[in-house]
Structure formats: structure tokens, C-alpha cells
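Structure first, commentary second.
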Amino acid sequence: MVPVSYYLVLSGILFACGVVGFLIKRNIITIFMSIELMLNGVNLSFVAFAAHLQKFSGQVFVFFVMVVAAAEAAVGLAIIIAVFRTRETLNVDQVNLLKL
Amino acid sequence: MLHLVLFLVFGAICVAGAINLLAQSHPISSALSLVVVMASLAVEYLLLGAEFVAAVQVIVYAGAVMVLFVFVIMLLNAGAEERTKGSHVALALGVPGVLAGGLLVAWTLLKRSDTGTVALGSLHGDPKTIASFLFHEFLLPFEITSILVLIAIMGAVVLASRPDLKPPAGKES
Amino acid sequence: MTSSLHLWLIPILPLIGAAVNGFFGKRFSRRTVAAVALTFCGAAFVKALVVAAQFSSLELPHTEFLAHWIRSGDFLVNFEFYLDQLTLVMLLVVTGVGFLIHIYSVGYMWEEGGFYRFFSYLNLFMFFMLTLVLAGNYLQMFIGWEGVGLASYLLIGFYFTRDSAANAGKKAFIVNRIGDFGFLIALFLMIKHWGSLNFGEVFVAAAKLPVETAGFGLLTSIGLLLMVGAAGKSAQIPLYVWLPDAMEGPTPVSALIHAATMVTAGVYMVARSHVIFDLAPNALTVVAIVGTLTALFAATIGIAQTDIKKVLAYSTVSQLGYMFLGCGVAAYSAGIFHLMTHAFFKGLLFLAAGSVIHAIGGEQDMRKMGGLRQYIPWTFLTMTIATFAIAGFWPLAGFFSKDEILWQAFSSKHGSWVFWLIGVVTAFITSFYMFRLWFMTFFGDYRGSEADNHGHSAHDEHGHGHGTPHESPMVMLAPLAILAGLSFVGGWVNIGGRFEHFLAPVFHNPAMEAASEATEAGNHGTEHLLMAISLAAAALGLYFAYLLYLKRRDLPQKIADALGGFYQAVVHKYYVDEIYATLFVKPLVDGSTRILWHGVDQGVIDAAVNDTADGARHVSDAARHMQSGNLRSYAGWVAAGGALIIAYMIWMGIR
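Protein chains in written order, with our numbering: chain Y, 309 to 408; chain Z, 107 to 279; chain V, 516 to 1170.
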């Protein structure tokens, strides 16, 4: 019998790690992986509550999150490839031509 | 008791994987750490009784998404990140700060022990139940996500195609 | 309920004339403009006569409702007309004398520019004056009040290219405004306490209140504030300063507006509000005091003036003082009687003066006139009649009206011998300066040179030289003759007290009448004695004028030298204009420049707008740094924002 809050703490840690990675890392692919980490943490939270409240919709929602995460990863990586072709770099600090 | 032990063990593996993801400089190492995180998360789902979710987690996330990540890393031949000069002040302030914040949140969450507990495998998330939900109440989102996937595929194909291979007319990028 | 007399026609006809001339007059020939103006003004006069003819068959007071105007809760103000004996008198005076002056103006203004504009303004003035006179409530009267002020401003500043004329117009309007402020507050008091401005309702409500013998009750306050308004419009102390300056306008304007009609609006208003004043003896006393002092004060200034129109202007102020004295001792019908006769002889005096000025080619300084009776005999004759009338010689009009006021000042319950004495002294001074004018203008040798006639004098309106003085054309002489006739016989309407009897139902006040009946009974001897004294005063004035300005021409200068500083003060009108300028005008202008302009307008309002714009620019300058182009900084901002929202949600959850 594990209290729900334990699961939430774990989920929070994962999410925090994801945020930190998102902010710290300079490699764009690593940043994307941090995003995936965040999503996973959220998924855990969903399932934990679904178990606690005995509602199935929490689980089902996880599916949708996964689908969206997969789609986003696919498109995001395609963009990274496209950018890499022109900029020849995966370093996010060097992709700053947004600035005039 | 067993539940708690298993939870803690795999939770620790999860966290270790996450921190390793942050600590490693080569993206491929980070990707492999992420796979570890996903696998241990799948075990956590199993502990909660969401067996189908756990299976999908391994198949889709660890088996497809992470493979995609690894493929791209290899394709782009990403090297290790260079070590740049980090700010000592940021390190001195940041790490304890994060730790303190994290401990505060954790303490707040754990203090409220009246939230109830979950038993081992309390969710009976067999495929049959999931499917009935998916195709009855969540039919619309299900269909929409399938369209979303279709769009993602098309987008990925268009975006990643080589420039000199002109996309056929009708599919403007 | 008598049938409608269509009283609204009387003011509207001149308004139509004003509109026609105002919009289309520029394209008309002078004949057409004159025809339009005279037709509409004459039509109003004819309508007034028709009303007079039907008067005896009317139930009085006769009110006519034209349209709703203000309906605000319980407060109702309508466009309505009110006709009683007082209104009829004013109506006939305004339309009659107005029409005569219109005819005169055709001749006088023929050579001037802006012919159509003049007649448009003149008709506009008639419209507002008739609105004032026929008004059935105070607010409509106020419309007319303000409107005549506007017309006066337009007409005084008719030669607007001249600085002095433009300034005189402004001065008239602004000083009038000060009086109007008092009038407005009186109206507000009426609305607050009686909830209406309609004459009938106000007088009924006021009559229910007891007589206020002590202190500042409601009725006294209203009376005093109404007096403030009247002082502004009718040029009493301390708001008379605009009238002498108003002589910058053409002479017919001076005759119509500043002698016969507009300036009498104040007297009319006080007479109309007699119900209020009868119950507030303190206010009445103030009215009488102001009137008496003004009469004396203005008369003394008139002695030393050299411009013929200025003498007449101060004379007007002085005579208005008499009318207020009459009203101030509750002898309202005497005041109105003098108003009527004054319209005749003062209007005539101004028109004749205009004729004189026209004759000698624009010169207005009496020192350059003299011996004109050979050249302009008809003008001389009519002006003589007017001068004797204003001096108060029997059997001309001025004698009857002035004498009635002096008698009432002496014998009325509110009067006192002090008022009477000052009135007699003023009568003497009046006679003196009028005959001074008469002698200086028409007798002796002609002091104006031929050169002056050809040149342009300092303040000429008629800058054409004609060589020897010449008589005015018939169109100008005819009104003079008619007014002369009226000045002669005008006073006879009160023989046997018929005029007062006619107006008695208006000023009906049982308490007053009982008292005056008692005093009237045994006092015929006193009345005749006082009559003789006033005649003697008039004759004395004539004699002194004859002495100083015909027989011994050197005496005036000697007297002036002997009096020294005092004489200088009188010549400079007791420096009142200068005192006002220092006390009121300069502080206001300086305060306005420094505080309102630099301080508020530039410092607060402009600064607020400019600083807001500057502030927006500074804020955007600071916010610019968020857009760095660096992906990681964007990521940082997103994370920070997200953390804030999550923290807020947690906080809301814990609460």
C-alpha cells in the first residue's frame, strides 16, 4: 500500500528534471528528450490518480498523451534535421537569427 | 510491503536515469538513460495495475520514439557538447536552491498523508476495458489523434526531405 | 378661456427678418434689405397694436402655451407667453420705438458698410427683447436676457475692425455676464424652494410667505440677486461701466438698445418680480439706494463729458437710476411710467445726436460744435423738445414721470426724504448738463472748421466731409418728429393717475395700497410743493447752463481750475475703470496666465498626455529586452511563467 503522494513526488522529480534539462542543455536533441521526460512524469501522475480514484479515464488519457508526444517528437526531429541542413549545428545558442 | 519496496527500487532507477540524462554530455548517452527511465516507468505502471499502459509504454515510447531519437542522433552525427565555462555563482546558488525547492515540495506533498493509498495492481487496466473506453466514450479524441498522427507523418516527411528533391507539386511546404 | 392671440408671432416675425437678412442679405440690394427689415419689424408692431385693440376683451393675465421645453421629473418649463398690462406697455414701447429707430437707421446707415448685417442684428435684437417681454417664466425671460446681451455685443462691436469697438463689445458682454450670474442664482433658489420658474406658480408660492423684515431670508436673497442681474443689464452701480463704452456702436444702436429697450429690461424684471420684492423690504431698500446713488453719480460724471454721446450715455445711467428708485420705493408703476417716457425722449435725444453727428460729418466732440441751429433747424427743434422733456419741464413727458417718482420717493412707505432730496439734486444736475449740451451744440458760433469736416475725426462713423453742416434726409427726420410728438404728449397719459390706474391690477398689493391710501389723503399740499421744487430745480439748471455756456464762456474753465483735482477725477469718470482694471481685471488675467495656463494647462494636462506617451516609450524600451532571439532565454521565460502559474494554482488549492 503506497500512498498516492509518493507517486506524485516521483512524478514531480521527473518533471523537475525535465525542466532543468530543458533549460540547461545546449544540444537541441537533448532538449527534446527533456521534453519527453516531462511528459512521462505527467503520465505517471495521471495513472496514479486513476488508480487512486478508481477512474479509467486517467489511463485512457495517457494513451492520448503518448500519441501526441510521438507525433510531436516526429515533427520536431524533422525540423531539427531541416535546421541542421542549413545551420550545420545542433547548438541552440547558434540558431539565433531571429534577432535582427 | 512488497509494493513499497518495488516502488522505491524502480523509483530510484527512474530518478537515477533522469539525473544521468542531465549529467551526460553526449546525447546518445542521454538517450539511453531516457530509455532506462521509460522502462522503469513501465514497471511503475504495472505496479499500479495499468498493464496495458505499461506495455504500450515500452512498445511505443521506448521502442519507437526513443529509437527515432537514436536514429536522428546517429544521422546528424551529434557530438558531445562542449563544456563551457559555467558560472560558479549559478552553481553555488542553483544546486542548493533546487534541492531546497524540491525538498519543500516533497515535504508538502508527503505531509498530506490523508490522500489515501493505492493497492498493488488496483487498476485492472486490461485491454478489454481500455478498448471499451477508447471506442465508446473517447471515440472522438481517438479518431482525432489518428488524424493528428497522419498530419505528423506528412509534416515529418515534408520537413525532412532533402531540398534538391523537390516535393511534388500539390504538397507545398 | 380666451382664444389664442398667437402671441408667438410677435417675437417670431423679427426673427424671420433677421434670418432672411442674415443668410441672404449679402446678395440683396440695400433697398431690399431695408424693406425686409422694416416689414418684419413693422409687422410685429402692427400685431402688438392688434393685441392692444383686443386687450379689453381679454381675461388677464393672459397666458399662452407654445410648446413643452424642459420636463425633468417635477420640474417643468415651457415656452409660454404672459400678457398683462405691464407686458402691453413694454410691448408697445419696444415695438413702436424699435420700428421708428429701424426707419431712422435706413437713412443713418445708408453710407456705411455691412448694411445687411446691421439690420439682421437689429431684428435679432427685437426678437430677443420681445421674448424677454412676453416671457411667461423666468427661464424664457433669461433667454431673452442673454439674447439681448448677445445682440448688444454684436451691435456695439459692429465696426469690429476698430479695436476700441471690439473691446467695448467684449466689456459689455462680460460685465453683463457678471450680472447674469446673480440672476441665475436667483433662478436656482426659486427652483429649489418653489420647484418652478413659471410666473404664476412662483408668485403664488412667494405670496404665501410672510413679510421678511429682518435679515437675509429667502425672499430678500432672491430679490438682491435679481437686483444684481438688473444692475448688470441696466447699468447700475457697480456694473454700469459698460454703457459709456457702448457708445462705440452706431448711434441708432445706442438709441434702441442703450436707451429705450435693453437697458430697461432690468427695470421690467424688477417690476415683474414685485411680488417678491414687496415681501422683502430690505431688498427694496437696496434697490432704491442703488438707484439713487447711481442717478447722482452718473449725473456728476455727465457734467464734464465732451463727447455728445457720452453725455447721453451717462444721462441714461442716471435716468435708469431714477427708474430703480421708483421701483425701490414700491412705486412700480411710476418706474414703468418713467421707463416709457424715457424711451421717448432719450431715444429722440440719441437719434437727434446722430442727426447732428451726421450733419457735421462725423464729429462727436461738443467743443467743435456750436451755432448749429441755423444749419439743422428740424434737428434743433426736436432736440429742444427732448431736452426740455428730460429736464422735467411742464407739460412735457419727463416732468410727469420724474415728478411722480420724486413724490413717491418722498411719501411712500418705503421712501424717505433723503431719496427725494438726492433725486431733486440729481434733477438739477440733469437739467444742467442737458442744457449745457443744448447750448454747446446749437448756440454760439460754429467752432468746427471746414478742414475738420473734410478730414476724419478721431471717432467718426461718418467719415465723409460735406463742407457746411447739412440737414438729415426725411427718412431720418420723420422718426425724430414722431418721437418729439410722443415726448411732448407722452406724459399726459397719467393725468388723473390714469396710467397708474391702468397698471394697478398688475402691482396689486392690498397691504401696500391700504397704507398709501391713508397717506395720500391729506398730502396734496405737500405734493404740489414738491412739484414746484422740482420745477425750480429744472429751471435753475437751465439758468446755470445758460450762464456758463452762453453768457460767460470763460467761467467753466475758471471753475474747473478752482476745483483742480476733483474736476480731474470727474473728467476721468472717477477713475472707476482704472480701479476695476487693477482690482479685478489684472489679477484675473495674471492668475489665468500663470496658474491656469502655465500651471494647469501646460503643467498638468499637457504634461499628463506627454508623460503618458513618454512612459509608454520607456516601458516598451524596458520590455524590449525580453525579445533576445536566443532560444534558451525564451525557454527560460516560458519555464518561469509556467512555474508562476503552477505556484498560483497550488496557492489557490491550499487556500
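Where a beta carbon is used, it is the ideal one built from N, C-alpha and C, also for glycine.
So is residue 327 (chain Y) in contact with chain V if we call contact Cβ pairs under 7 angstroms? Cβ-Cβ to chain V under 7 angstroms: yes for residue 327 (chain Y).
By Cβ distance below 8 angstroms, which residues in the same chain neighbour residue 1166 (chain V) in space, the five residues on each side in sequence not counted? none
I'd like to know whether the C-beta of residue 1146 (chain V) is nearer than 7 angstroms to at least one C-beta of chain Y. yes
How would you write the range of the beta strand (DSSP E) that residue 547 (chain V) sits in, first residue to last? It is not in any beta strand (DSSP E) - residue 547 (chain V) instead sits in the alpha helix (DSSP H) that spans 545 to 568.
When you compare each of V:734, V:713, V:729, V:527 to residue 723 (chain V) by their alpha carbons, which one comes out closest? Residue V:734 is the option with its Cα nearest to residue 723 (chain V).
Would you mind listing the alpha helix (DSSP H) stretches within the region 837 to 882 of chain V that are 4+ residues and don't spill past its ends, in chain order? The qualifying runs are 847 to 874.
Inter-residue spacing [alpha-carbon to alpha-carbon] between residue 980 (chain V) and residue 986 (chain V): Because the pLDDT at residue 980 (chain V) is just 48, under 50, the model does not fix this residue reliably, and the point stays unresolved.
Terminal residues of the continuous beta strand (DSSP E) containing residue 585 (chain V)? 577 to 587
7 angstroms Cβ cutoff, residue 318 (chain Y) in contact with chain Z: yes
Below 6 angstroms CB to CB, which residues in the same chain sit around residue 622 (chain V) once its five sequence neighbours on both sides are set aside? For residue 622 (chain V), same chain residues with a beta-carbon under 6 angstroms away, outside a window of 5 residues either side, are 988, 990, 991 in chain order.
In angstroms, rounded to a whole number, what distance separates the CA positions of residue 701 (chain V) and residue 713 (chain V)? 14 angstroms
Any beta-carbon of chain Z closer than 7 angstroms to the one on residue 310 (chain Y)? It does; some Cβ of chain Z falls within 7 angstroms.
How about residue 1150 (chain V) and residue 330 (chain Y): are their beta carbons less than 7 angstroms apart? yes
Report back the beta-carbon spacing between residue 612 (chain V) and residue 786 (chain V) to the nearest angstrom; my notes put them in contact at under 8 angstroms. About 18 angstroms separates the two Cβ atoms, so there is no contact after all.
Taking all protein chains shown into account, decide if residue 873 (chain V) is buried (16 or more other Cβ within 10 angstroms of its Cβ) or exposed. buried
Kindly indicate if chain V contains any beta-carbon less than 7 angstroms away from that of residue 330 (chain Y). With respect to chain V, the C-beta atom of residue 330 (chain Y) has a partner C-beta closer than 7 angstroms.
Member of Y:378, Y:346, Y:313, Y:344 whose CA lies at the smallest distance from the CA of residue 251 (chain Z): Y:378
For residue 292 (chain Z) and residue 396 (chain Y), I'd like the C-alpha separation in whole angstroms. Because residue 292 (chain Z) is not part of the residues shown, which for chain Z are 107 to 279, the question remains open.
For residue 1009 (chain V), name the three-state secondary structure that DSSP assigns. helix
What's the C-alpha gap between residue 1096 (chain V) and residue 1111 (chain V)? 19 angstroms
Out of V:625, V:871, V:534, state which residue places its alpha-carbon closest to the alpha-carbon of residue 983 (chain V). Taking only the C-alpha atoms, the option nearest residue 983 (chain V) is V:871.
What does DSSP give as the partner residues of residue 890 (chain V) in its beta bridges? According to DSSP, residue 890 (chain V) bridges with nothing at all.
Check whether residue 856 (chain V) and residue 1005 (chain V) have beta carbons under 7 angstroms apart: yes
For the alpha helix (DSSP H) that residue 150 (chain Z) lies in, which residues bound it at each end? From DSSP, the alpha helix (DSSP H) with residue 150 (chain Z) extends over 133 to 154.
With three or more C-beta pairs closer than 8 angstroms as the rule, is the region 119 to 128 of chain Z touching the region 520 to 535 of chain V? Under the 8 angstroms Cβ criterion, the region 520 to 535 of chain V does not count as touching the region 119 to 128 of chain Z, having fewer than three qualifying pairs.
Report yes or no: is there a C-beta of chain Y within less than 7 angstroms of the C-beta of residue 1150 (chain V)? yes
Specify, as a first and last residue, the run of the beta strand (DSSP E) that residue 593 (chain V) falls within. 590 to 598
Under 8 angstroms, CB to CB, which of the residues in the region 342 to 362 of chain Y have a partner in chain Z? Going along the region 342 to 362 of chain Y in chain order, one finds 342, 344, 345, 348, 351, 352, 355, 356, 358, 359, 360, 362 with a Cβ nearer than 8 angstroms to chain Z.
For a quick check, are the C-beta atoms of residue 833 (chain V) and residue 814 (chain V) less than 7 angstroms apart? Yes, Cβ-Cβ distance for residue 833 (chain V) and residue 814 (chain V) is below 7 angstroms.
Counting pairs of beta carbons, one from the region 932 to 952 of chain V and one from the region 1060 to 1076 of chain V, are three or more of them closer than 8 angstroms? yes
Return the residue from the list Z:257, Z:210, Z:141, Z:155 that minimises the CA-CA distance to residue 113 (chain Z). The shortest C-alpha separation from residue 113 (chain Z) is found at Z:155.
Check residue 311 (chain Y) in the structure and name its three-state DSSP category. strand
Host alpha helix (DSSP H) of residue 958 (chain V) (start-end): Counting along the chain, residue 958 (chain V) falls outside any alpha helix (DSSP H), and DSSP gives it neither H nor E.
Is the shortest distance between the beta-carbon of residue 398 (chain Y) and the beta-carbons of chain V less than 7 angstroms? Output row for residue 398 (chain Y): interface = no.
May I have the straight-line CA-CA distance separating residue 748 (chain V) from residue 905 (chain V), to the nearest angstrom? Going by the C-alpha atoms only, they are around 22 angstroms apart.
For residue 979 (chain V), does the three-state DSSP call read helix, strand or coil? Any reading at residue 979 (chain V) must be qualified, since the residue scores a pLDDT of 49, below 50, and its modelled position is unreliable; the value itself is stated next. It is coil, neither helix nor strand.
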